[in-house]
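One structure is given here, and the rest of the page talks about it.
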């Protein structure tokens, strides 16, 4: 009797333990590694909005902000993998090699690397957004709204992602206004309000009356507001920072993808893939259009948005020529993803050279 | 009544006591900040200063982090002891990394025991070249070395940007701003399987020993000390000031350059835009916290290194913003400078009766 009691007690303890373990195992925990502060109102801010969507879907999340792309990234990743996280999103290009290195040591943890191309292990997936589709819309608006026919563009780094955006923007602007010129200033930073504001000022001084940006802070739209020119929000809806200047914003909407991938881990259906989603899949979202835009332009933008989403319109449809007049994409053809991924030449109408 | 009286001579005991006091005050102020932010202060401090180094891996990461800080701070102490304000160690680190990274890329896909020593030497020379600029400008053109060395930091980062975006970028890397991964022959060997701690730590330890010897056993060390107290005295004694300025800058640059080598041929394994999370600047705090003494600098580098690790752990486990790590580093320096007041002044209690 005595033994029986002890035995049943022990076995019920074991059962309880297994049940708890099973319950914990079902609780998928997701971690996010950010390059900047969550309050940048740009790149990192939007990733954090995506993280909150994962929380809202009932999963636990952790994040680490301001992780430098130096030797520190690897330690943060290893610590996250070690502390019970099942899926880790690394949201900057510079985390590519550390992500793959740590993924090798933790085959049971899934890794999702944004904007990279290396998937060296079966537990590493990559994802990025077709921001250039959003820039086609911005270009259309800029080409219509400019009076000086000079459009300014604050760029970050001369990598295909940024060059592609400049080209997509310029092509769309030329389509509605063949006389426009795109002037570029390279800020060589993703986030530096001081530098970005200076770059915007330089462009405004050169006669630009519409400013586009491929950097993350709100400094540029605020500078545009002060100077009385138009601008576009980057990554998040920046309208509230410069209500007069901002015509619309291109928002990075990571939430649906994040929820999808975390759920896939919970269901055991996660698999490695390379995702490149645009307006059609809702990863790129166009914010509300400003009332300063004429009605016919607004209608045109709405239609373009729908056509880009359905695939009826492609941002890079031929004929496209480079600065020297060489044919890049033939008439009636569209640029394939391979060409887009490695795009390192300006199209005709962009001023200056790519810094080499 | 309490009266503040100037000391006849700075107190030696207090000289080494104030860093400890500064750390204690930092912990206290940190606890108060955590409390105001709504975190349990003791738990937060535990995650900040104990949890990160509670296991073997954590401790190895602490040493990994402290290695460049210690190395740079040792170099800086040569400058600071002799009244030369080299603020640009970050630039010397970056330039050292550029030169040694360039050599490592030159030997890409080659084998040979001689490659690593050349890569290391190249880094030291790179740092020395870069440090010689403010030194020469100071000695021959009387420029302010603080400004020159600081500004050169930004120049070095732009050079690095240019190289990794352009000519040195990985040909298979889709034009992303990074070089190829160095071959194993150009990487510092790891000390233990599974840990990131690498042979660079021996460079730091060697620097500690050599600097101790130079500071306390050589004529150069004595000259530095005298120049530190009074440049006029040094001149009067007939020391060759110019030669010494250049020498201390070269030593400092070599140390920073070696720290850069340690990062890129150690844990990183390639050149990209962010080889150092501002080690060159943080090492200034380390040098002063360590009282410009080689042994003090070892302890100081460990203390400051843990603020980096602790900030990560505290964010992962308690969602405390990671930037509090920088707040801690700032507080340490602030309290240290503030408590240095005690070096020169003392409180005297004066009774009411005469």
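Chains as they are written, first to last, in the numbering used here: chain R, 2 to 357; chain Z, 276 to 629. Ideal Cβ placement from N, Cα and C applies to all residues, glycine included.
Item                                                                                                                                   : Value
CB-CB length for residue 333 of chain R against residue 181 of chain R, believed under 8 Å                                             : At roughly 24 Å, the Cβ-Cβ gap does not stay under 8 Å, so residue 333 of chain R and residue 181 of chain R are not in contact.
CB contact below 7 Å: residue 440 of chain Z versus chain R                                                                            : yes
Cβ of residue 343 of chain Z within 7 Å of any chain R Cβ                                                                              : no
Proximal chain Z residues relative to residue 84 of chain R, where beta-carbon distance stays under 7 Å                                : 591
Reduced DSSP category for residue 1 of chain R - H, G, I as helix; E, B as strand; rest coil                                           : No answer is possible for residue 1 of chain R: the residues shown for chain R start at 2 and end at 357.
Same chain only: Cβ atoms within 6 Å of residue 62 of chain R, ignoring 5 sequence neighbours per side                                 : 31, 52, 55, 56
Secondary structure of residue 64 of chain R, DSSP reduced to three states                                                             : strand
Opening and closing residue of the alpha helix (DSSP H) in which residue 506 of chain Z lies                                           : 506-511
Nearest neighbour of residue 474 of chain Z, chosen from Z:512, Z:487, Z:599, Z:335 [CA to CA]                                         : Z:335
The region 578-597 of chain Z contacting the region 551-570 of chain Z, beta-carbon criterion three pairs below 8 Å                    : yes
Nearest-angstrom Cβ-Cβ length linking residue 622 of chain Z and residue 277 of chain Z, presumed shorter than 8 Å                     : 5 Å
Closer than 7 Å to chain R by CB, residue 283 of chain Z                                                                               : no
Contact with chain Z by residue 353 of chain R, beta-carbon distance below 7 Å                                                         : no
Proximity to residue 291 of chain Z [Cα-Cα], best of Z:417, Z:605, Z:452, Z:569                                                        : Z:569
Same chain, Cβ closer than 8 Å to residue 620 of chain Z, neighbours up to 5 away in sequence not counted                              : 279, 280, 281, 282
Option in Z:349, Z:312, Z:320, Z:329 with minimal Cα separation from residue 571 of chain Z                                            : Z:349
For residue 322 of chain R, three-class secondary structure by DSSP                                                                    : strand
Complete alpha helix (DSSP H) runs within the region 184-263 of chain R (minimum length 4 residues, chain order)                       : 194-206, 220-228
Residues of its chain near residue 25 of chain R, where Cβ-Cβ distance is below 7 Å and the 5 sequence neighbours each way are ignored : Note that residue 25 of chain R scores a pLDDT of 44, beneath 50, so its modelled location is shaky and nothing firm can be said.
Rounded separation between residue 509 of chain Z and residue 416 of chain Z - CA only                                                 : 20 Å
4 or more residues per run - each alpha helix (DSSP H) lying fully within the region 272-328 of chain R                                : 296-311
Start and end residues, alpha helix (DSSP H) containing residue 289 of chain Z                                                         : 287-312
Backbone CA spacing between residue 281 of chain R and residue 312 of chain R [nearest angstrom]                                       : 8 Å
Neighbour flag for residue 77 of chain R against chain C, beta carbons, 7 Å                                                            : Reference to chain C is not applicable here, since the protein chains of this structure are R and Z.
Minimum Cβ-Cβ distance from residue 449 of chain Z to chain R less than 7 Å                                                            : yes
Any C-beta of chain Z under 7 Å from that of residue 46 of chain R                                                                     : no
Of the residues Z:383, Z:397, Z:598, the one placed nearest residue 375 of chain Z, counting alpha carbons only                        : Z:397
Continuous beta strand (DSSP E) stretch holding residue 125 of chain R: start and end                                                  : 125-130
Per-residue contacts from residue 551 of chain Z into chain R (C-beta, under 8 Å)                                                      : 71
CB contact below 7 Å: residue 615 of chain Z versus chain R                                                                            : no
is_contact[residue 25 of chain R, chain Z] using C-beta, thresh 7 Å                                                                    : The predicted position of residue 25 of chain R is uncertain, since its pLDDT is 44 and thus under 50; no value can be drawn from it.
is_contact[residue 595 of chain Z, chain R] using C-beta, thresh 7 Å                                                                   : no
Which of helix, strand or coil DSSP assigns to residue 598 of chain Z                                                                  : coil
Contacts that residue 598 of chain Z makes with chain R (C-beta to C-beta distance below 9 Å)                                          : 38, 66, 67
Contact with chain Z by residue 317 of chain R, beta-carbon distance below 7 Å                                                         : no
Sequence-distant residues of the same chain with beta carbon closer than 6 Å to residue 89 of chain R, five excluded per side          : 32, 81, 112
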